[in-house]
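These notes are about the structure you will find just below.
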Amino acid sequence: MISRIWPGACSGLPALVASAPLIVQRAAVHHHMERKDLALFLGIKRSNKARANRNTHVNEKMFRKMRGRKTVVMELPDDEERRRRETLTPSQLRVELLRKGINPYKEVQPRVWQEAQVTMSSFYAVIDPFVTPEETLPYITGSIDGMKLKGEELKQRALHRYHNWRNGTSRIRKKEGFEKFDPKTFGPTADLIYEEAHRALMKRDKPTLHKCITEHAFRKMWPDVENGSIQWELVERLTPSTVVSVRCGDNPYKSGNDIAQLTVRMHSKQ
1 MISRIWPGAC SGLPALVASA PLIVQRAAVH HHMERKDLAL FLGIKRSNKA
51 RANRNTHVNE KMFRKMRGRK TVVMELPDDE ERRRRETLTP SQLRVELLRK
101 GINPYKEVQP RVWQEAQVTM SSFYAVIDPF VTPEETLPYI TGSIDGMKLK
151 GEELKQRALH RYHNWRNGTS RIRKKEGFEK FDPKTFGPTA DLIYEEAHRA
201 LMKRDKPTLH KCITEHAFRK MWPDVENGSI QWELVERLTP STVVSVRCGD
251 NPYKSGNDIA QLTVRMHSKQ
């Protein structure tokens, strides 16, 4: 605290009387700034030991709860107890939790199985897109490259015939009811399926269409009549339909659900 007294401030004499100027200055500072006690001056000793902080003499009680929130009590995991629980069997662990008042099966409900039937009746793609070309290369050529191409063609034809038998006709004949399956006589059957499927598509007959074609073929044919209509008619068949590829495989893999896929070459006017 600093106070000053100026001349004439407390004098009752008239202003006409000349007086000598009088200046009195008194200064009072905080206790720990006094040089008399060096410990208070440096902050080593507190003036009021009952208070935790000498600078909180105003807000000591007001912010007591807020200062208490700065202290967080953390429950640290017991490593020894955790290692011991890892060695317990499920039944022993359940007894251990029940002793502490914890029922691990209180909120457990029986599992509800949500099953749905899935039918795999097609591969949704062509198993082997290779088809032997109709025109063959000549056996005698005047260049080495021509001989290599002819050799590669003969190799592909031989592999194609082998897979037609090994992974096609032979596997189909192992199924009950198809012991006498012959690819050479399947051409007329494919023609009937083709005609019936297109007639059902023209009439938008979904049940009949599903009996004739697979889901993969339905996804490609149905958009033609979904927002419109078509008129289909078979004029004539220029050449008899022949089977050029026979494949049979299981879907899913190694499931025993064998699906046969036959590629038929058709030449017709429609």
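In the UniProt record's numbering, the protein residues as written are 1 to 270.
C-beta: ideal position from N, C-alpha, C; glycine also.
Remember, it's a predicted structure, so these values are computed and weren't measured experimentally.
Run through DSSP, which three-state label would residue i get?
| i | result |
| --- | --- |
| D191 | helix |
| P207 | helix |
| E176 | coil |
| K155 | helix |
| L262 | strand |
| G142 | coil |
| F218 | helix |
| P183 | helix |
| V244 | strand |
| S170 | helix |
| V118 | coil |
| R82 | helix |
| Q231 | coil |
| A125 | coil |
| Q109 | coil |
On the premise that residue j lies in contact with residue i, defined as a C-beta separation below 8 angstroms, what is that separation, rounded to the nearest angstrom?
| i | j | result |
| --- | --- | --- |
| M221 | L192 | Not quite, the Cβ-Cβ distance comes to about 17 angstroms (not below 8 angstroms), so this is no contact. |
| V243 | F186 | 5 angstroms |
| T263 | S245 | 4 angstroms |
| R85 | L93 | 6 angstroms |
Which term fits residue i, buried or exposed, when burial requires 16 or more other beta carbons within 10 angstroms of its beta carbon?
| i | result |
| --- | --- |
| T132 | exposed |
| S143 | exposed |
| H267 | exposed |
| G247 | At residue 247 the sequence reads Arg, which differs from the Gly that was named. Buried: at least 16 other Cβ atoms inside 10 Å. |
| A27 | Caution is warranted here: a pLDDT of 44 is assigned to A27, below 50, making its placement in the model unreliable, and the coordinate value is therefore given only provisionally. Its Cβ having fewer than 16 others within 10 Å, A27 is exposed. |
| G101 | exposed |
| T169 | buried |
| A116 | exposed |
| A158 | exposed |
For residue i, write down the residues that DSSP places opposite it in a beta bridge.
| i | result |
| --- | --- |
| D250 | D258 |
| S268 | R237 |
Is residue i close to chain D, meaning its C-beta is less than 8 angstroms from at least one C-beta of that chain?
| i | result |
| --- | --- |
| R85 | In summary, chain D is missing from the structure at hand, where a single protein chain is found. |
Between the segment 200-217 and the segment 118-131, do at least 3 Cβ pairs fall closer than 8 angstroms? Verdict: yes, contact present.
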